[in-house]
Amino acid sequence: MNIYIQAAAQISAQEPLSHAWFQHPLPLSERYVRSVEPDYKEYINPMEARRMGKILKRALATSLNVVRKTGINQPDAIITGTGLGCIENTEKFLTAMVRDKEMYLQPTYFMQSTHNTISSQIALHLKCNKYNTTYAQRGISFESSLLDAYMQFELEKIRTALVAGHDEMTPDYFVLLDKINYWKKGEVNEAILRKSDSVGAISGEASACFMLENKKSNLSVCELKGIDILYNPNQKRIKDALEELLGKHNLCIENIDVVMTGINGDKDNDAVYNELERNLFPSIPLAWYKHLVGESFTASGLAMFISAMALQEQVLPASYLYNGSSAIQGLKNILIYNHFQNKEHSFILLSSC
Numbered sequence: 142m143n144i145y146i147q148a149a150a151q152i153s154a155q156e157p158l159s160h161a162w163f164q165h166p167l168p169l170s171e172r173y174v175r176s177v178e179p180d181y182k183e184y185i186n187p188m189e190a191r192r193m194g195k196i197l198k199r200a201l202a203t204s205l206n207v208v209r210k211t212g213i214n215q216p217d218a219i220i221t222g223t224g225l226g227c228i229e230n231t232e233k234f235l236t237a238m239v240r241d242k243e244m245y246l247q248p249t250y251f252m253q254s255t256h257n258t259i260s261s262q263i264a265l266h267l268k269c270n271k272y273n274t275t276y277a278q279r280g281i282s283f284e285s286s287l288l289d290a291y292m293q294f295e296l297e298k299i300r301t302a303l304v305a306g307h308d309e310m311t312p313d314y315f316v317l318l319d320k321i322n323y324w325k326k327g328e329v330n331e332a333i334l335r336k337s338d339s340v341g342a343i344s345g346e347a348s349a350c351f352m353l354e355n356k357k358s359n360l361s362v363c364e365l366k367g368i369d370i371l372y373n374p375n376q377k378r379i380k381d382a383l384e385e386l387l388g389k390h391n392l393c394i395e396n397i398d399v400v401m402t403g404i405n406g407d408k409d410n411d412a413v414y415n416e417l418e419r420n421l422f423p424s425i426p427l428a429w430y431k432h433l434v435g436e437s438f439t440a441s442g443l444a445m446f447i448s449a450m451a452l453q454e455q456v457l458p459a460s461y462l463y464n465g466s467s468a469i470q471g472l473k474n475i476l477i478y479n480h481f482q483n484k485e486h487s488f489i490l491l492s493s494c
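In our numbering, the protein residues as written are 142 to 494.
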């Protein structure tokens, strides 16, 4: 069984709906970073867009972008991962409910406040009545949606799938998380994040969408070899799971060219990756990306976007290297490793076509 990424699109702190920034990404220097919004008129009727929150517009734009690139207008599955869902509309609905004492409530904010609104809106725009679901699994929401698609490909239930991860960060929710030291305090930049001995990360937003298909074409960006999710594993379990994943494709750890990690400057978060490097990847380059897009529940979707671009262009620029200073070329296999609070761990294995 083969699964190929036929198209990918993203909206983040970098240039939206483009991969031109991949070679020269802009560094972040603020604690709270929101996505750069594209011109939505190309994808969404302005009258409709007026009634949509930011996350819905981003989800539709990225989805329609990959649909247009591939010509796959009716994917066999639309699967979305989101940690917070449409939190902007949720806040608006709850604020109005309290302010107006549960009177005169507008139904639009309520209808567009649930997590599964995102997948539903995509299906409505595509007039697609096929498999449609949403995963709200905090820090592994995107991986959960990708695993669902992968298993259905394995069972030969689908031939195409639109898989995405979307999350936004509102000012109010940023303040709430800041009170529990979820975000970095004071000045932030790449150098500070690299040497950080404190908790907290840079806040970001993520929208990443992929069109998967079970056959290779001239559009194919890279191949999705496998994915695995583990709960509360020890180091031996992580090693065994990784070797099993690689073994299915006649690979070993030495065949990995780069490990794309979720290092974000939080000392507790990064300690997990550093320990894994010592035990499993002492001679393999580590890469990171959250210093360029920030932290969010579905940031791993952006990790997959960056890794896919690296495999397509056959180079990973030095901007992404955590323990190296020279660009890596001739890439064959990239392993994306993510964990959330050292409880949920995941591997995504991508290979060049």
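Backbone N, C-alpha and C define an ideal beta-carbon position, used for all residues, glycine too.
Item                                                                                                   : Value
Buried or exposed (CB count within 10 angstroms, at least 16 for buried), Met292                       : exposed
Reference Phe479, options His165, Phe283, Pro168, closest by Cα                                        : With the sequence shown as reference, residue 479 is identified as Asn, and Phe is not the correct amino acid for it. Cα-wise, what sits closest to Asn479 is Phe283.
C-alpha gap between Ser159 and Glu243, whole angstroms                                                 : 43 Å
Same chain, Cβ closer than 6 Å to Leu197, neighbours up to 5 away in sequence not counted              : Gln262
Leu476 versus Met252 - alpha carbon distance                                                           : 38 Å
Among Ile489, Phe488, Lys484, Cys494, nearest to Gly471 - alpha-carbon criterion                       : Cys494
Cβ neighbours of Ser437 in the same chain (closer than 6 Å, five flanking residues each side left out) : Asp308, Gly345, Glu346, Ala347
Cutoff 6 Å; reference Tyr276; Cβ partners in own chain excluding five residues on either side          : Gly222, Ser282, Ser285, Ser286
Per-residue burial, Glu416 [other beta carbons within 10 Å of its own, 16 or more giving buried]       : exposed
Whole-angstrom distance between His390 and Pro157, CA atom to CA atom                                  : 34 Å
DSSP three-state assignment for Ala347, whether helix, strand or coil                                  : strand
Cβ neighbour criterion (16 or more within 10 Å) applied to Glu485                                      : buried
Ordered list of beta strand (DSSP E) runs contained in the stretch 210-290, each at least 3 residues   : 218-222, 272-276
Simplified DSSP assignment, three categories, for Ile144                                               : coil
Residue environment, His256, which counts as buried when at least 16 other CB atoms sit within 10 Å    : buried
Closest residue to Glu178 among Gln278, Gly367, Ala200 (Cα-Cα distance)                                : Ala200
For Gly367, the residue or residues it bridges with in DSSP                                            : Leu490
Range of the contiguous beta strand (DSSP E) that encloses Leu476                                      : 474-481
Reference Gln558, options Phe163, Val208, Ser492, closest by Cα                                        : This structure cannot speak to residue 558, because the chain is shown only from 142 to 494.
contact_flag[the stretch 368-380, the stretch 293-302] where n(CB pairs < 8 Å) is 3 or more            : no
Asn143 versus Met352 - alpha carbon distance                                                           : 14 Å
Contact set for Gly367: own chain, Cβ-Cβ below 6 Å, skip 5 residues either direction                   : Leu386, Leu490
Distance CB(Gly224)-CB(Arg279) smaller than 8 Å                                                        : yes
Buried versus exposed, by CB contacts within 10 Å (16 or more), Pro236                                 : Looking at the sequence itself, residue 236 is Thr, so the reference to Pro does not match. It counts as exposed.
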